[in-house]
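Numbering (my numbering), first residue to last: 23 to 441.
Built from N, CA and C at the ideal position, the CB exists for glycine as well.
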Ligand code: AMP
Ligand code: GLY
């Protein structure tokens, strides 16, 4: 029973490593994959994640493939799971009509309002003049969001009227995020700790994974530009079992039920980006997939066979599976290319010395060039370690970084310190 994984980042590397542990997984394939993934899977760099016909042709040509796992947001939103199913193949991930929960912030805000799921107050605009007028008198800080997918960059936190006006103009007039900004959400700024809770769901049952926290800003002390994530740790200390129960009752279960009521049953991984405010947890965002780099600290703590979980979700029998986790902790520190998240060089040689035992490197942006390991993206490698607690895991991860080098490499030194 071979498995094809779609994607080529650290998240997909962590998924491949977890699947490879299953006795049920035969051969692993990954489209397009990366240099690290090629150690556990056969990678196909010539096919892109949006080339649906080529992906389906690949599955058709490999009769051993019994499951295709679609990990990234773009192919999910554009309907790769639907496309594969139409061609008679089994796929893991939500169909397009459910992936819209991430693909359109206007959709998710309507959903939460309609079903009483706690989230920030908001207004929606499709008309530039109206939006520009509104931000003149609104209360600040204020958050301006592009409706559609914008590589995690379509959210601008504005401190002043000037910044609010600039954000609205950039999105709606200058089309900085192309069509993703034709519609915008302007919402209340929430304060508190951010926690990520990823859940397995088959539309009938929803099972939260262990919690995690992401560090999104490029620099220490949460300074610098927003990135796709500079490091993560699991579990989150603020996410107590009491809070987890409240969130399950008030947010997680109601979201699954709401999607069913809307005729959009969600199967796959549903990610809840939460802000733990003084008034309780509120949803900042939904993602229709595993988070990156949250997956890199969550899956190493999974004791249950991931293949079996995916298989049960596809067949809508998740309630049959008992999902278990280790009670240790995990920390992932991202090594990034100089200049990230803006412009950076690619093709820079990477040297990796002898790593201490227990360190796992999840490759995000790496490739082989003339037989050498080189950088091929902004986020390059996630250095991951487990320990009895966050402190121990963090120390192990930072110790290992001393043995890894590439020109321009930078990383945050405070991952897992501010809990
Ligand atoms: P999103 O893509 O909606 O999760 O936004 C990206 C990041 O922007 C979040 O992880 C938060 O750090 C921040 N953010 C988004 N919405 C809000 C909000 N209403 N209040 C405060 N911070 C926010
Ligand atoms: N780490 C945030 C995300 O995956 O969207």
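Give me the Cβ distance between residue i and residue j, rounded to the nearest whole Å; I'm assuming they're in contact under 8 angstroms.
i: residue 399; j: residue 315; result: With a Cβ gap of about 13 angstroms, residue 399 and residue 315 do not count as contacting.
i: residue 216; j: residue 296; result: 7 angstroms
i: residue 374; j: residue 388; result: Their Cβ separation, rounded to whole angstroms, is 10 angstroms, which puts residue 374 and residue 388 out of contact at 8 angstroms.
i: residue 166; j: residue 190; result: 6 angstroms
i: residue 233; j: residue 219; result: 6 angstroms
i: residue 53; j: residue 87; result: Going by Cβ atoms, the distance from residue 53 to residue 87 rounds to 11 angstroms, so no, they are not a contact pair.
i: residue 249; j: residue 240; result: 5 angstroms
i: residue 208; j: residue 160; result: 7 angstroms
i: residue 256; j: residue 319; result: 4 angstroms
i: residue 93; j: residue 390; result: In fact, because the Cβ distance is near 22 angstroms, the residues do not count as touching under 8 angstroms.
i: residue 396; j: residue 370; result: 6 angstroms
i: residue 280; j: residue 353; result: That pair is no contact at about 34 angstroms.
i: residue 251; j: residue 359; result: That pair is no contact at about 15 angstroms.
i: residue 137; j: residue 276; result: 6 angstroms
In the structure shown, what three-state DSSP assignment does residue i receive?
i: residue 203; result: helix
i: residue 290; result: strand
i: residue 259; result: coil
i: residue 423; result: helix
i: residue 338; result: coil
i: residue 327; result: coil
i: residue 409; result: strand
i: residue 278; result: helix
i: residue 97; result: helix
i: residue 230; result: strand
i: residue 394; result: strand
i: residue 371; result: strand
i: residue 87; result: strand
i: residue 162; result: coil
i: residue 306; result: strand
i: residue 64; result: strand
i: residue 81; result: helix
i: residue 74; result: helix
i: residue 317; result: helix
i: residue 111; result: coil
i: residue 135; result: helix
i: residue 428; result: coil
i: residue 222; result: strand
i: residue 157; result: helix
i: residue 195; result: coil
Is the CB-CB distance between residue i and residue j below 8 angstroms?
i: residue 364; j: residue 343; result: no
i: residue 178; j: residue 211; result: no
i: residue 201; j: residue 246; result: no
i: residue 438; j: residue 412; result: yes
i: residue 67; j: residue 55; result: yes
i: residue 328; j: residue 58; result: no
i: residue 51; j: residue 74; result: no
i: residue 303; j: residue 124; result: no
i: residue 19; j: residue 357; result: Limits of the chain in this structure are 23 at one end and 441 at the other, which puts residue 19 out of reach.
i: residue 223; j: residue 321; result: no
i: residue 225; j: residue 289; result: yes
i: residue 403; j: residue 386; result: yes
i: residue 269; j: residue 345; result: no
i: residue 140; j: residue 244; result: no
i: residue 131; j: residue 150; result: no
i: residue 42; j: residue 71; result: no
i: residue 436; j: residue 242; result: yes
i: residue 81; j: residue 111; result: yes
i: residue 147; j: residue 69; result: no
i: residue 49; j: residue 34; result: no
i: residue 99; j: residue 128; result: no
In the DSSP assignment, what residue or residues form a beta bridge with residue i?
i: residue 53; result: 28
i: residue 404; result: 356, 384
i: residue 245; result: 241
i: residue 236; result: 254
i: residue 130; result: Paired residues: none, contrary to the question.
i: residue 168; result: 206
i: residue 141; result: 305
i: residue 215; result: 298
i: residue 148; result: Looking at the DSSP assignment, residue 148 forms no beta bridge with any residue, so it has no partner.
i: residue 179; result: 165
i: residue 47; result: Paired residues: none, contrary to the question.
i: residue 92; result: 28
i: residue 351; result: 409
Legend entry - Sequence-ordered residues whose beta carbon comes within less than 6 angstroms of a heavy atom of ligand 2: Taking a cut-off of 6 angstroms from the heavy atoms of ligand 2, the residues with a C-beta inside it are 174, 236, 251, 309, 313, 314, 316.
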